[in-house]
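In my numbering, the protein residues as written are 26 to 145.
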């Protein structure tokens with residue numbers, strides 16, 4: 026049996042030529058047909074709605090309007106895009122890993138692609 030080669034390793038993720046491990050989940054590389062990075066934009070509708078509501082409330086009560094708008098702005102600024110490692114198998118697509126760090130997800134995807142190529 027050939028020795029297992031590691032392409033990427035972090036605290037949470039390990040990518041080898043035969044396995045992709047994320048936390049307690051293990052995926053067999055032989056079942057993975059393709060991999061890609063995808064992104065999920067946060068839903069900003071509610072935070073923007075809160076800002077608009079605060080502006081309308083400003084006409085009646087400046088203090089309350091400022092507080093409501095301030096909460097909406099803070100909420101809007103805290104929302105971040107989430108990036109995912111999306112695996113394609115015979116069963117379909119699934120998100121195997123998510124992070125707010127794009128570079129981290131790109132490194133994992135690159136390692137998975139290298140492992141797929143090495144697998145042959």
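Don't be surprised by glycine CBs; every beta carbon is placed ideally from N, CA and C.
Tell me the residue span of the beta strand (DSSP E) that contains residue i.
| i | result |
| --- | --- |
| residue 118 | 117-124 |
| residue 50 | 50-53 |
Go to residue i, then tell me how far its alpha helix (DSSP H) extends in each direction, as first and last residue.
| i | result |
| --- | --- |
| residue 104 | Looking at the DSSP string, residue 104 is not in any alpha helix (DSSP H), and its letter there is neither H nor E. |
| residue 72 | 70-83 |
| residue 138 | 127-144 |
Taking a contact to mean a Cβ-Cβ separation below 8 Å, would you say residue i touches residue j in this structure?
| i | j | result |
| --- | --- | --- |
| residue 32 | residue 40 | yes |
| residue 76 | residue 98 | yes |
| residue 137 | residue 81 | no |
| residue 57 | residue 114 | yes |
| residue 126 | residue 67 | no |
To the nearest whole angstrom, what separates the beta carbons of residue i and residue j, a pair I think is in contact under 8 Å?
| i | j | result |
| --- | --- | --- |
| residue 47 | residue 116 | Their Cβ separation, rounded to whole angstroms, is 17 Å, which puts residue 47 and residue 116 out of contact at 8 Å. |
| residue 142 | residue 62 | So it is not a contact: roughly 17 Å between Cβ atoms. |
| residue 101 | residue 144 | Not a contact, Cβ separation roughly 44 Å. |
| residue 42 | residue 30 | 5 Å |
Which one or two residues does DSSP pair with residue i in a beta bridge?
| i | result |
| --- | --- |
| residue 62 | 110 |
| residue 31 | 41 |
*Is the segment 103-121 touching the segment 80-92, taking contact as three or more C-beta pairs under 8 Å?*
no
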